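Let me begin by presenting the structure, written as structure tokens, before commenting on it.
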Amino acid sequence: MNDYPKRGRVVAIEFTEIGKLFSSDVRDGTAVSIRGWVYRIRKLKDKVFFLLRDSSGVIQCVVDKNEEGIWEKVEPLTIESSVTVKGVLKYDKRAPGGREVHVKDIMVVHYAEPFPITEDAVRSESEYLLDVRHLWIRSSYMTSILKIRHTVFEAIHEYFRKNGFYEVQAPMFITAAVEGGATLFQVDYFGRKGVYLTQSSQFYLEALIYALEKVYTIAPSFRAEKSRSRRHLSEFWHAEAEVAWYSLKDILRIEEELVAYIIKKVVDEREKELKTLGRNVDILIKESELPFYRITYDEALEILKRKGFEVEWGDDFGADEERALVSEFDKPVFVIGFPEACKAFYHRNDPERPEVTLSADLLAPEGYGEIIGGGERIYDKDELVKKIKRFGLDPKDYEWYIDLRRYGSVPHSGFGLGVDRLVMWICGLKHIRDAIPFPRDIRRVYP
RNA sequence: GCCGGGGUAGCUCAGCUUGGUAGAGCGCGGGGCUGUUAACCCCGUGGUCGUGGGUUCAAGUCCCACCCCCGGCGCCA
């Protein structure tokens, strides 16, 4: 059936990336070898047109019935069959993209079974695409997102490394909560109770600053929130940083520089992919100009009251409030100084105004929501223990974390960036599930 | 967890109000077509109508229970 050799070595032929066939120095009439997957086929009486896709692009291939030994192989081709093609590149206005390959030889590596994803499923943005996610990731839509995501991760590493941060790794198996017990995934750790998947690497980063001062990590975080929103995953990628000696003000500068750096790199290197996704690049550029806006929690309350919301001091913002607030700004906005009860216990209270914390959330524009949470951490042992108790938690669960405040404790600050949410915003996606190849949420752990 | 929507062919959906032998498009198979662009034209293929029970001469359609999925809220990054 297939004429790819089952035994022996793959013949060493140089293959050209399909994307490169569209560059200006590839002349009409050039002999080319390409390989990839059949993307579309149109069979006529005397000709077969098929679009061939590889990771770099798509080009039309043409087979004439007169081509002996080729026609018989091409006629039974199916969508997603894998082939290698030798042919001649021709400029032709009739071809998509203005160029095509006239096939002189073809080897079918695998005749694909009928591909289950149809145009109907694509256009309806069907749930089915999540069931066959292992196949749907081949689409130009998912491929564009994955390339942008790749560049986002690259930019994060670049920014931190250029700015003197050490990359570190924290464990995924942990024994204590960061936020609260209800959102932990319990695991069977050799039959031992009280072992969970991590919700955040923050506490470990706080330990590591005493060795390396400026640290960051990119790692998954796991949260068992029974959330049904378009902005939540139960397994998400978290870029976290922690810096010794830094104040809230210092860490906000890092946060906005990081976000702006990532967007600039994506705009510079992934314009084609952004356009495939229909993302307005000019808006993105405008949205990433520094500095970002900074408002206090109190100012945010004023804005909301002016817009007719019934909010009282001490309330956290709901989705409606957050949307209304963000709509006032054309760039990301930091909301600084949340009341103590709105934030986790480890946030340091403002010594000059103890009812608020030295914390800040970064809200993305266009309703993409909170992408960063961070601030100063409590570095005094007694202050920390008191606050743990005030929050109804047991200091015994946080022994090693409290221990950090016993040996040369210093002021420090840090933050956590939701990478998938950032990708969602940059790509302009409707759902966070599309920001990651294999999403995990309350309902889905397959494929 | 709460509120709303949904489950019918491999995929996308109509049919349900007003019960009477299950439909379309896409896909797939066959045929046609002198360059196709989500190709097009003709023919064919394809179903425990989410599960269980009830009403009825008769249930995809009406009633009850349950399961699963989607969206919004809450929660967060």
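Note that numbering that gives the first Met the number 0 has the first sequence beginning at 0, numbered continuously upward.
Each residue gets a CB set at the ideal place from its N, CA and C atoms; glycine is no exception.
Owing to the predicted nature of the structure, the values given are computational and were not obtained by experimental measurement.
Please identify the residue among the options whose C-alpha is closest to the C-alpha of residue i.
| i | options | result |
| --- | --- | --- |
| residue 47 | 217, 101 and 422 | 101 |
| residue 150 | 285, 268, 92 and 17 | 268 |
| residue 290 | 375, 265 and 254 | 254 |
| residue 44 | 25, 337 and 73 | 73 |
| residue 338 | 446, 299 and 371 | 299 |
| residue 265 | 251, 188 and 287 | 287 |
| residue 104 | 66, 381, 115 and 304 | 66 |
| residue 247 | 349, 314 and 60 | 349 |
| residue 183 | 222, 169 and 135 | 222 |
| residue 90 | 25, 137 and 188 | 25 |
| residue 251 | 360, 96, 270 and 22 | 360 |
| residue 85 | 137, 152, 131 and 13 | 13 |
| residue 92 | 117, 27, 270 and 201 | 27 |
Can you grab the Cα-Cα spacing for the pair residue i / residue j, in whole Å?
| i | j | result |
| --- | --- | --- |
| residue 332 | residue 224 | 26 angstroms |
| residue 125 | residue 236 | 25 angstroms |
| residue 358 | residue 422 | 24 angstroms |
| residue 64 | residue 35 | 22 angstroms |
| residue 162 | residue 257 | 10 angstroms |
| residue 196 | residue 29 | 55 angstroms |
| residue 217 | residue 171 | 12 angstroms |
| residue 311 | residue 398 | 36 angstroms |
| residue 448 | residue 53 | Coverage of the chain is limited to positions 0 through 446, which leaves residue 448 absent and any answer about it impossible. |
| residue 346 | residue 402 | 17 angstroms |
| residue 352 | residue 372 | 20 angstroms |
| residue 78 | residue 263 | 37 angstroms |
| residue 400 | residue 51 | 56 angstroms |
| residue 167 | residue 240 | 10 angstroms |
| residue 228 | residue 381 | 38 angstroms |
| residue 314 | residue 341 | 7 angstroms |
| residue 169 | residue 160 | 18 angstroms |
| residue 433 | residue 136 | 10 angstroms |
| residue 457 | residue 354 | The displayed coordinates of the chain run from 0 to 446. Any statement about residue 457 would go beyond what the structure contains. |
| residue 447 | residue 317 | Beyond the ends of the chain as shown, which are 0 and 446, falls residue 447; an answer cannot be given. |
| residue 115 | residue 245 | 54 angstroms |
| residue 356 | residue 431 | 29 angstroms |
| residue 22 | residue 295 | 51 angstroms |
| residue 428 | residue 437 | 15 angstroms |
| residue 201 | residue 407 | 19 angstroms |
| residue 152 | residue 68 | 46 angstroms |
| residue 95 | residue 301 | 55 angstroms |
If contacts are defined as beta-carbon pairs under 8 angstroms, then residue i and residue j qualify, I think. What distance do you get, rounded to the angstrom?
| i | j | result |
| --- | --- | --- |
| residue 379 | residue 404 | 6 angstroms |
| residue 198 | residue 220 | 6 angstroms |
| residue 129 | residue 443 | 7 angstroms |
| residue 275 | residue 123 | The pair is not a contact, with the Cβ atoms about 20 angstroms apart (cut-off 8 angstroms). |
| residue 272 | residue 147 | 5 angstroms |
| residue 425 | residue 283 | 7 angstroms |
| residue 293 | residue 335 | 6 angstroms |
| residue 174 | residue 193 | 6 angstroms |
| residue 62 | residue 70 | 6 angstroms |
| residue 308 | residue 320 | 6 angstroms |
Suppose the cutoff is 7 angstroms on Cβ atoms and the five residues either side in sequence are ignored; what does the same chain contact list for residue i look like?
| i | result |
| --- | --- |
| residue 306 | 323 |
| residue 127 | 120 |
| residue 456 | Here the chain comprises residues numbered 0 to 446, so residue 456 is not present and cannot be evaluated. |
| residue 439 | 232, 233 and 234 |
| residue 1 | Confidence at residue 1 is low in this model, with a pLDDT of 44, below 50, so the placement of that residue should be treated as unreliable; the coordinate-derived value is given next. Within the same chain, residue 1 has close Cβ partners 107, 108, 109 and 110. |
| residue 133 | 446 |
| residue 383 | 377, 401 and 404 |
| residue 187 | none |
Among the residues of its own chain, which have a CB less than 8 angstroms from the CB of residue i, if the five just before and after it don't count?
| i | result |
| --- | --- |
| residue 20 | 31, 33, 56, 58, 88, 98 and 100 |
| residue 260 | 154, 157 and 158 |
| residue 76 | 37, 40, 47, 49, 82, 107 and 110 |
| residue 297 | 312 and 336 |
| residue 330 | 285, 286, 287, 288, 291, 292 and 364 |
| residue 249 | 242 and 412 |
Taking 8 angstroms as the cut-off, does the CB of residue i come closer than this to any heavy atom belonging to the ligand PLP?
| i | result |
| --- | --- |
| residue 67 | As far as ligands go, the structure on display features none, and thus does not contain the ligand PLP. |
Suppose the cutoff is 6 angstroms on Cβ atoms and the five residues either side in sequence are ignored; what does the same chain contact list for residue i look like?
| i | result |
| --- | --- |
| residue 16 | 55 |
| residue 468 | No answer is possible for residue 468: it lies beyond the span of the chain, which begins at 0 and ends at 446. |
| residue 165 | 211 and 214 |
| residue 368 | 230 |
| residue 243 | 208, 212, 409 and 411 |
| residue 418 | 236 and 238 |
| residue 185 | 195 |
Checklist entry - Below 8 angstroms, can you find three or more Cβ-Cβ pairs linking the stretch 265-282 to the stretch 208-215? => result no
Checklist entry - Do the stretch 186-206 and the stretch 409-422 meet, that is, are 3 or more Cβ pairs less than 8 angstroms apart? => result yes
Checklist entry - Would the stretch 135-149 and the stretch 105-112 be scored as touching if the rule is three or more Cβ pairs under 8 angstroms? => result no
Next on the checklist: For the pair the stretch 355-364 and the stretch 386-397, tell me if three or more CB-CB distances fall below 8 angstroms.
Outcome noted: no
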